[in-house]
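Enquirer:
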Amino acid sequence: MGPSLKIAFIFLCSFIVGTASAQRNEMAVVKGGTYIPLYGVDSTAVTVKSFKMDVYPVTNSDYLRFVEEHPQWQRSKIIRLFSDGNYLVNWEGDTSFGDVLQPNAPITNISWFAAKNYCECLGKRLPTVDEWEYAAMADQTMADARTKESYNQQILDWYEAPKTFKNKIGSTFKNYWGIYDLHGLVWEWTIDFNSVLISGESRKDVDKDSNLFCGSAAVGASDLMNYAAFMRYALRGSLKASYSMRNLGFRCVEPLNKMNENSSR
Amino acid sequence: MKILVDKMKNTLKIVLLFLLVGSFTSCNFGKNDKTASVIYECPMHCEGEKTYDQPGSCPVCKMDLVPVSIKEKKDGAISDLSIYNLPSIWTTQNNEEIELKELQGDVVVMVMIYTSCQTACPRLAADMRNIEKQIPADKKDKVTLVLVSIDPETDTPERLAAFAKENKMDSKKWVLLRGSEENTLEFAAVLAVNYKRISPLDFSHSNIISVFDQGGELAHQQEGLGVNNKETISKILELVN
Numbered sequence: 049m050g051p052s053l054k055i056a057f058i059f060l061c062s063f064i065v066g067t068a069s070a071q072r073n074e075m076a077v078v079k080g081g082t083y084i085p086l087y088g089v090d091s092t093a094v095t096v097k098s099f100k101m102d103v104y105p106v107t108n109s110d111y112l113r114f115v116e117e118h119p120q121w122q123r124s125k126i127i128r129l130f131s132d133g134n135y136l137v138n139w140e141g142d143t144s145f146g147d148v149l150q151p152n153a154p155i156t157n158i159s160w161f162a163a164k165n166y167c168e169c170l171g172k173r174l175p176t177v178d179e180w181e182y183a184a185m186a187d188q189t190m191a192d193a194r195t196k197e198s199y200n201q202q203i204l205d206w207y208e209a210p211k212t213f214k215n216k217i218g219s220t221f222k223n224y225w226g227i228y229d230l231h232g233l234v235w236e237w238t239i240d241f242n243s244v245l246i247s248g249e250s251r252k253d254v255d256k257d258s259n260l261f262c263g264s265a266a267v268g269a270s271d272l273m274n275y276a277a278f279m280r281y282a283l284r285g286s287l288k289a290s291y292s293m294r295n296l297g298f299r300c301v302e303p304l305n306k307m308n309e310n311s312s313r
Numbered sequence: 005m006k007i008l009v010d011k012m013k014n015t016l017k018i019v020l021l022f023l024l025v026g027s028f029t030s031c032n033f034g035k036n037d038k039t040a041s042v043i044y045e046c047p048m049h050c051e052g053e054k055t056y057d058q059p060g061s062c063p064v065c066k067m068d069l070v071p072v073s074i075k076e077k078k079d080g081a082i083s084d085l086s087i088y089n090l091p092s093i094w095t096t097q098n099n100e101e102i103e104l105k106e107l108q109g110d111v112v113v114m115v116m117i118y119t120s121c122q123t124a125c126p127r128l129a130a131d132m133r134n135i136e137k138q139i140p141a142d143k144k145d146k147v148t149l150v151l152v153s154i155d156p157e158t159d160t161p162e163r164l165a166a167f168a169k170e171n172k173m174d175s176k177k178w179v180l181l182r183g184s185e186e187n188t189l190e191f192a193a194v195l196a197v198n199y200k201r202i203s204p205l206d207f208s209h210s211n212i213i214s215v216f217d218q219g220g221e222l223a224h225q226q227e228g229l230g231v232n233n234k235e236t237i238s239k240i241l242e243l244v245n
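Top line first, the protein sequences correspond to chains L and D.
The first sequence begins at 49 in my numbering and counts up by one.
The second sequence begins at 5 in my numbering and counts up by one.
1. Check whether the region 95-104 of chain D touches the region 164-177 of chain L, taking contact to mean three or more Cβ pairs, one atom from each stretch, closer than 8 Å.
2. What does the alpha-carbon distance come out to for the pair glycine 81 of chain L and alanine 153 of chain L?
3. Cysteine 65 of chain D: buried (16+ other C-beta within 10 angstroms of its C-beta) or exposed?
4. Count the other CB atoms, across all protein chains shown, that sit within 10 Å of the CB of glutamate 302 of chain L; report buried if there are 16 or more and exposed otherwise.
5. For arginine 163 of chain D, decide whether its Cβ has a neighbour in chain L, counting only Cβ atoms nearer than 9 Å.
6. So isoleucine 155 of chain L contacts chain D; which residues on that side make the cut at Cβ distance below 9 Å?
7. For the putative contact between aspartate 159 of chain D and asparagine 233 of chain D, defined by C-beta atoms under 8 Å, what is the C-beta separation to the nearest angstrom?
8. Within 10 angstroms of its Cβ, does glutamate 168 of chain L collect 16 or more other Cβ (buried), or is it exposed?
9. Check this for me: beta carbons of proline 140 of chain D and arginine 182 of chain D, under 9 Å apart or not?
10. For asparagine 245 of chain D, count neighbouring C-beta atoms within 10 Å of its own C-beta (all shown protein chains included) and say buried if the count is 16 or more, exposed if not.
11. So what does DSSP say about alanine 183 of chain L, is it helix, strand or coil?
12. Can you list, in chain order, the residues of its chain with a C-beta nearer than 6 Å to that of isoleucine 202 of chain D? Leave out the 5 residues immediately preceding and following it.
13. Please determine if the region 224-239 of chain L and the region 96-109 of chain L are in contact, where contact requires at least 3 C-beta pairs separated by less than 8 Å.
14. Pick helix, strand or coil for methionine 3 of chain D, following the three-state DSSP scheme.
15. Does the CB of arginine 294 of chain L have a neighbour CB from chain D at under 9 Å?
16. Leucine 181 of chain D lies in the beta strand (DSSP E); which residues open and close that run?
17. Is it right to say isoleucine 93 of chain D is buried, meaning 16 or more other beta carbons lie within 10 angstroms of its own, or is it exposed?
18. Mind listing the chain D neighbours of leucine 304 of chain L? Cutoff is C-beta to C-beta under 8 Å, in chain order.
19. Cutting at 8 Å between CB atoms, please list the residues of its own chain near isoleucine 217 of chain L, excluding the five before and the five after it.
20. In chain order, which continuous runs of the alpha helix (DSSP H) of length 4 or greater are located wholly inside the region 74-135 of chain L?
21. Could you check if aspartate 110 of chain L is buried or exposed, using at least 16 other CB atoms within 10 Å of its CB as the buried criterion?
22. Just how far apart, CA to CA, sit lysine 172 of chain L and threonine 95 of chain L?
23. Give a yes or no on whether 9 Å exceeds the smallest Cβ distance from arginine 201 of chain D to chain L.
24. Please list, in chain order, the residues of the region 130-152 of chain L that have any C-beta partner in chain D closer than 7 Å.
25. Buried or exposed: proline 175 of chain L, going by 16 or more other Cβ atoms within 10 Å of its Cβ?
26. In whole angstroms, what separates the C-alpha of tyrosine 275 of chain L from that of arginine 194 of chain L?
27. Can you pull the chain L residues whose beta carbon is under 9 Å from the beta carbon of proline 156 of chain D, in chain order?
28. Can you grab the Cα-Cα spacing for the pair glutamate 117 of chain L / glycine 297 of chain L, in whole Å?
29. Is it true that the region 112-127 of chain D meets the region 211-218 of chain D, where meeting means three or more beta-carbon pairs spaced less than 8 Å apart?
30. Answer yes or no: do leucine 304 of chain L and phenylalanine 130 of chain L have a C-beta to C-beta separation smaller than 9 Å?
31. Step through the CB atoms of chain L and report whether any lies within less than 9 Å of the CB of serine 282 of chain D.
32. Put glutamine 225 of chain D into one of helix, strand or coil per three-state DSSP.
33. Using only the alpha-carbon positions, how far apart do leucine 107 of chain D and tyrosine 88 of chain D sit?
34. Report yes if the CB atom of alanine 246 of chain D is closer than 9 Å to the CB atom of lysine 288 of chain L, and no otherwise.
35. Can you list the residues of chain L that leucine 189 of chain D reaches, using a CB-CB cut of under 8 Å?
36. What residues in the region 163-186 of chain L have a beta carbon less than 7 Å from any beta carbon of chain D?
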């Protein structure tokens, strides 16, 4: 074993041992199916393939480990193309989130580029809007709880609750798939957040100022009562990939068959 | 001892697996070899152009200091805001592989389209031609016009070549690109272009023509179809002169 390999060995070992207890690797299977998204194409159903999703959002301590391994994503080193000035703005320094933030609170103030790269470095990726929405239709007992009045009310209550991003991961309910915190903690990045358009058929110019907030958006939607979903789509439509927000975090997914591929190697 | 060795073997397996997985991912994305030192300034410029080499707060207004991007316009060096930081590889209409940074040094006018599009894209293409026409002959060499496909599945290099021919984009200053779905999404994210597949053949997308300076920084964006492109042209002329 050459010296450099040895170093890599020790480094990676400590890395793996260090993460074994962390939530970083815990994933839950979401069984695929069809659903009608809020902004469906003529309200047609979308098929989502089975996938695995992180049980918890990525935390401050998870992200700290990431920036330690990949210094180019540290606050002072990230290039401006990939982040606005708010990237990790509430961290104490490049490799410390300080005493105020909890290690087990979700990481926020990260740009889409950073979130995307984090997932890629773990061999995962960000969920698509459809995957996220599909997994998030579930409440504690049902895969699709959208018709329940209590489900919508629960989510809307969260939207009114202040500063939930300071809470620990796992502090909200465990849903039907075994996934925590899809609602009630932070908003989450999706890989194709920029696929949100005013309506299904807007090959005419997309007006930069009327991103989904306008009344015309509601006309194309499949469920006019789903205010919570409206808010999520509105948020996505207003984002740019370099934005960092205090209440916007992320989690990763991976295709279901991938684990089999890996273990057979 | 045996146990320890077994344990080591197992760990080694995990490590190897990890390395294997790692090698497939693009962890180096965004890697910047330059060790540019970061300087900070007050966002309100209370002390004029005064800068600090440490983060902290402004002694006058107490606001947190913000990092200043150092613009590097030297040959070869690109700034923090340059699209040439994107490492993605693209295929041209001539079936050649290129990295975006090969466009460095030219003013780049860029638009995202898809060739099977019947409505907006031909007009966007026309807008691009219009812009190209208004560049003085002696400056044409300094401007590259790029069309990036948002439908890489359908838009093969052959399709792109045919589209270029149909649209009289035959000089070598026209570049039509397709990339992986992933790279396309990322690129659209950089340009703030939104798009969504609305049927197997159609996409809806925002109509934005972007102008980049010689270093790959976004200099101007023109939104809308058939809009007056005077501003875009004057920006291009300003950059090439």
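Backbone N, C-alpha and C define an ideal beta-carbon position, used for all residues, glycine too.
Expert: Quick look at the numbers:
1. Output reads no: the region 164-177 of chain L does not touch the region 95-104 of chain D.
2. 31 Å
3. Residue environment: cysteine 65 of chain D is assigned as exposed (fewer than 16 neighbouring CB atoms within 10 Å of its CB, all protein chains considered).
4. buried
5. no
6. Under the 9 Å cutoff, chain D gives no residues; its nearest Cβ is about 17 Å from isoleucine 155 of chain L.
7. At roughly 25 Å, the Cβ-Cβ gap does not stay under 8 Å, so aspartate 159 of chain D and asparagine 233 of chain D are not in contact.
8. buried
9. no
10. exposed
11. helix
12. Apart from sequence neighbours up to five positions away, the residues of its chain that approach isoleucine 202 of chain D with a beta-carbon distance below 6 Å are Ser208, ordered along the chain.
13. yes
14. Coverage of chain D is limited to positions 5 through 245, which leaves residue 3 of chain D absent and any answer about it impossible.
15. Not an interface residue.
16. 178-182
17. When all chains shown are included, isoleucine 93 of chain D counts as exposed.
18. Near leucine 304 of chain L there are no residues of chain D at all, since even the closest Cβ is about 16 Å away, more than 8 Å.
19. Cβ within range, chain order: Gln71, Tyr104, Pro105, Thr107, Asn152, Ala153, Pro154, Tyr228, Asp229 and Leu233.
20. 108-117
21. In summary, aspartate 110 of chain L is buried, with 16 or more beta-carbon neighbours lying within 10 Å of its beta-carbon over all protein chains present.
22. Taking the straight line from one Cα to the other gives about 20 Å.
23. yes
24. Phe130 and Gly133
25. buried
26. 11 Å
27. None at all; the shortest Cβ gap to chain L is about 14 Å.
28. 20 Å
29. yes
30. no
31. Only positions 5 to 245 of chain D appear in this structure, which leaves residue 282 of chain D out of reach.
32. strand
33. 8 Å
34. Since the first and last residues shown for chain D are 5 and 245, residue 246 of chain D lies out of range.
35. Ile239, Asp240 and Asn242
36. Asn165, Glu168, Cys169 and Gly171
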